[in-house]
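Asks: Counting in our numbering, the sequence shown runs from 263 upward without gaps.
The C-beta atom is built at its ideal place from N, Cα and C for all residues, glycine as well.
None of the values given here were measured: they were computed from a predicted structure.
Here you go, one structure.
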Amino acid sequence: MERAPLLELEGIQKRFGGLEVLKGVNLALYPGEILALLGPSGCGKTTLLRVVAGLEAPEGGWVLLEGKDITHLPPEKRGIGFVFQDYALFPHLTALGNVAFGLKGKDRLEKALKALDRVGMTLFKDRRPHELSGGQQQRVALARALAPGPKLVLLDEPFSSLDAGLRESTREEVRRILKETGTAALLVTHDQEEALSFADRIGVMRGGRLEQVGTPEEVYLRPKTPFVAQFLGRTNLLPGEARGRYAETCLGRVPLLEPAHGPVLLSLRPEALRLSPPGEGVGGVVVARAFKGHDLTYRVRLPDREVLVQEAPGCPYREGEAVGVRVEGFGVVLEGEAPKAVRT
Ligand code: ATP
263 MERAPLLELE GIQKRFGGLE VLKGVNLALY PGEILALLGP SGCGKTTLLR VVAGLEAPEG
323 GWVLLEGKDI THLPPEKRGI GFVFQDYALF PHLTALGNVA FGLKGKDRLE KALKALDRVG
383 MTLFKDRRPH ELSGGQQQRV ALARALAPGP KLVLLDEPFS SLDAGLREST REEVRRILKE
443 TGTAALLVTH DQEEALSFAD RIGVMRGGRL EQVGTPEEVY LRPKTPFVAQ FLGRTNLLPG
503 EARGRYAETC LGRVPLLEPA HGPVLLSLRP EALRLSPPGE GVGGVVVARA FKGHDLTYRV
563 RLPDREVLVQ EAPGCPYREG EAVGVRVEGF GVVLEGEAPK AVRT
């Protein structure tokens, strides 16, 4: 992207007592972009978001908004909207009152009504939070964050209190609203699917560091490390010997997305493997079969390891049957240490 970043984080460090929670985080967010911080519990996502909001002061590094150093500016002076779990709606105010609360000027009610309309909550404007469902409260909170017209909103697990069906539709709607208003968003989630479907880019965090930042396709299809490969869905980690465009592995030749040479660790998604009758491919035995409606996943024991294979729902093989496993997709060469379980 060529435009100047809206938000820049440079070498952000944060500790709580002896615990180093952020270990030098660098990140750029562009105008109108939705970026999801994804990572396991405790990796520092929320802390990073709170540093951007101004609710935590970092011990090291800078926060720049439109090129201006805001590292030590109080939250209310930053012009950033946020929907945080601990910044819930005011219980004694109506939906309209909540949205109008932070607005100034004669037209504040008009602005608040417009913001409520944008999230489809006009009919509920006179209700208090306890008279609204979780999803409706979430929308009011979003309207409140968007009403002043910020260039950036921070969202901390904004969909986590919604049930599965409502979560998906609310997500779609919020994405549409952000795109329509050209508002950039930095979002915290530990839900891989949410990050993949909602964000323009994903920053995968691990232990206080960003391990990879890229589009959903990049982090899913071209993970750089074993952690990113495993965190973004199921995968097979296989050691191999790369010879340019392919690698020799226990599954035979695996074509590579990028050429490489020498000993490598590969990520091979279950959908890159197929089952066939025994005799074709590498022989194994089905140890588990999980039908999930839209797909069918097999765990197959090969002579020296187990692999996951994703098949179409009609695939006939059952537990205990002998099968062949063939490679029908690409492997991705990973950097860094293999987790202990796959070391050979
Ligand atoms: P989750 O997905 O569980 O919310 P997270 O990635 O958002 O996790 P953080 O909330 O940023 O993680 O917490 C990172 C680490 O910092 C955790 O070990 C947490 O216990 C610790 N921590 C967070 N806030 C404080 C605080 N105010 N005082 C002391 N320790 C804190």
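When we look at the beta-carbon of L269 and count the other beta-carbons within 10 Å, is it buried (16 or more) or exposed?
Replies: Counted from its first residue, the sequence shown places residue 269 at position 7. Answer is buried; the Cβ neighbour count reaches 16.
Asks: Just checking my contact of V415 with T445 at CB under 8 Å: how many whole Å lie between their CB atoms?
Replies: Within the sequence shown, residue 415 is the residue found at index 153, counting from 1. Within the sequence shown, residue 445 is the residue found at index 183, counting from 1. Right, the Cβ-Cβ distance comes to about 6 Å (below 8 Å), so this counts as a contact.
Asks: Just verifying my parser: in three-state terms, what is the DSSP assignment at G301?
Replies: Taking the first residue of the sequence shown as 1, we reach residue 301 at position 39. Reduced to three states, the DSSP call for G301 is coil.
Asks: Please state whether DSSP places L673 in a helix, a strand or coil.
Replies: This structure gives no information on residue 673, because the portion of the chain shown stretches from 263 to 606.
Asks: Is DSSP giving A290 helix, strand or coil here?
Replies: For the purposes of this step, residue 290 is identified with residue 28 of the sequence shown, where counting begins at 1. A290: strand per DSSP, three-state reduction.
Asks: Check whether the Cβ atoms of A491 and V595 lie closer than 7 Å to each other.
Replies: What you label residue 491 is simply residue 229 of the sequence shown in a count that begins at 1. What you label residue 595 is simply residue 333 of the sequence shown in a count that begins at 1. Not a contact, by the Cβ cut-off of 7 Å.
Asks: In the segment 468-495, which residue ranges form an unbroken alpha helix (DSSP H) of at least 4 residues, counting only runs that do not cross its ends?
Replies: Runs found: 478-483, 488-493.
Asks: Beta carbon of E321, beta carbon of Q275: below 7 Å?
Replies: Position 59 of the sequence shown, counted from the start, is the residue given in the question as residue 321. Position 13 of the sequence shown, counted from the start, is the residue given in the question as residue 275. Yes, the pair counts as a contact, with Cβ atoms nearer than the cut-off.
Asks: Would you mind listing the beta strand (DSSP E) stretches within the segment 421-467 that are 3+ residues and don't spill past its ends, in chain order?
Replies: As far as the segment 421-467 is concerned, its whole beta strand (DSSP E) runs of at least 3 residues are 446-451.
Asks: Between the segment 573-589 and the segment 551-560, can you find at least three pairs of beta-carbon atoms closer than 8 Å?
Replies: Yes, since at least three Cβ pairs between the segment 551-560 and the segment 573-589 fall closer than 8 Å, the two stretches touch.
Asks: Measuring straight from C-alpha to C-alpha, what distance separates R370 and Q400?
Replies: Sequence index remark: in the sequence shown, residue 370 carries index 108 (1-based). Sequence index remark: in the sequence shown, residue 400 carries index 138 (1-based). Straight-line Cα distance between these residues: approximately 21 Å.
Asks: What's the call for V589, buried or exposed, on a 16-neighbour Cβ count within 10 Å?
Replies: As a first step, residue 589 is located in the sequence shown; it is residue number 327 there, counting from the start. Buried: at least 16 other Cβ atoms inside 10 Å.
Asks: Got a sec: does the ligand ATP put a non-hydrogen atom nearer than 6 Å to the Cβ of V544?
Replies: Translated into the one-based positions of the sequence shown, residue 544 becomes position 282. Checking every heavy atom of the ligand ATP against the Cβ of V544, none is found closer than 6 Å.
Asks: Reducing DSSP to helix, strand and coil, say where P578 ends up.
Replies: Stepping through the sequence shown from its first residue, residue 578 is reached at position 316. Correct three-state label for P578: coil.
Asks: Measuring CB to CB, does N498 end up less than 7 Å from L527?
Replies: One-based indexing of the sequence shown puts residue 498 at position 236. One-based indexing of the sequence shown puts residue 527 at position 265. No. Outside cutoff.
Asks: Under the three-state reduction of DSSP, which class applies to L281: helix, strand or coil?
Replies: Position 19 of the sequence shown, counting from 1, holds the residue named residue 281. Note: L281 maps to strand in three-state DSSP.
Asks: For the ligand ATP, is there a heavy atom less than 6 Å away from the beta-carbon of K307?
Replies: As a position in the sequence shown, residue 307 is number 45, starting the count at 1. Yes.
Asks: Buried or exposed: which applies to N360, given that a residue is buried once 16 or more other Cβ atoms fall within 10 Å of its Cβ?
Replies: Counting from one through the sequence shown, the residue named residue 360 turns up at place 98. The residue is buried, with at least 16 neighbouring Cβ atoms inside 10 Å.
Asks: Excluding sequence positions up to five away, which residues of its chain have a Cβ less than 7 Å from the Cβ of K373?
Replies: By 1-based counting over the sequence shown, the position of residue 373 is 111. Closer than 7 Å at the Cβ level, and outside the excluded window around K373, lie L365, A409.
Asks: Can you tell which of Q454, L291, S423, L417 has the C-alpha that lies nearest to the C-alpha of R437?
Replies: Your numbering for residue 437 matches position 175 in the sequence shown. Minimum Cα distance to R437 is reached at L417.
Asks: Do T477 and R463 count as a contact pair if the criterion is CB distance below 7 Å?
Replies: Position 201 of the sequence shown, counting from 1, holds the residue named residue 463. Position 215 of the sequence shown, counting from 1, holds the residue named residue 477. Contact: yes.
Asks: If you run the structure through DSSP and keep just helix, strand and coil, what is H392?
Replies: Stepping through the sequence shown from its first residue, residue 392 is reached at position 130. Here H392 sits in helix by DSSP.
Asks: On the criterion of 16 or more Cβ atoms from any shown chain inside 10 Å, does R605 qualify as buried, or is it exposed?
Replies: Translated into positions along the sequence shown, residue 605 becomes position 343. Low per-residue confidence applies at R605: pLDDT is 40, beneath 50, and the placement is therefore not dependable enough to give any value.
Asks: Three-state secondary structure (DSSP) at R588?
Replies: To locate residue 588, count along the sequence shown from 1; it is residue 326. R588: strand per DSSP, three-state reduction.
Asks: State yes or no: is the C-beta of F344 nearer than 6 Å to some heavy atom of the ligand ATP?
Replies: Locating residue 344 in the sequence shown gives position 82, where the first residue counts as 1. Because no heavy atom of the ligand ATP lies under 6 Å away, the Cβ of F344 does not count as near it: no.
Asks: What's the C-alpha gap between R406 and A584?
Replies: Residue mapping note: residue 406 aligns to position 144 of the sequence shown, counting from 1. Residue mapping note: residue 584 aligns to position 322 of the sequence shown, counting from 1. Taking the straight line from one Cα to the other gives about 59 Å.
Asks: Since L639 and P420 should fall inside the 8 Å C-beta cutoff, what is the C-beta to C-beta distance between them, to a whole number of angstroms?
Replies: What is shown of the chain runs 263 to 606, which leaves residue 639 out entirely.
Asks: Quick check: is any heavy atom of the ligand ATP less than 6 Å from the C-beta of H334?
Replies: Locating residue 334 in the sequence shown gives position 72, counting from the first residue. Flag unset: Cβ of H334 not near the ligand ATP.
Asks: Within 10 angstroms of the Cβ of D384, are there 16 or more other Cβ atoms? Answer buried if so, exposed if not.
Replies: Position 122 of the sequence shown, counted from the first residue, corresponds to residue 384. In the sequence as displayed, the identity of residue 384 is Thr instead of Asp. Result: exposed.
Asks: Expressed to the nearest angstrom, what Euclidean distance is found between the alpha-carbon atoms of G469 and P539?
Replies: Position 207 of the sequence shown holds residue 469. Position 277 of the sequence shown holds residue 539. For G469 and P539, the distance between alpha carbons rounds to 44 Å.
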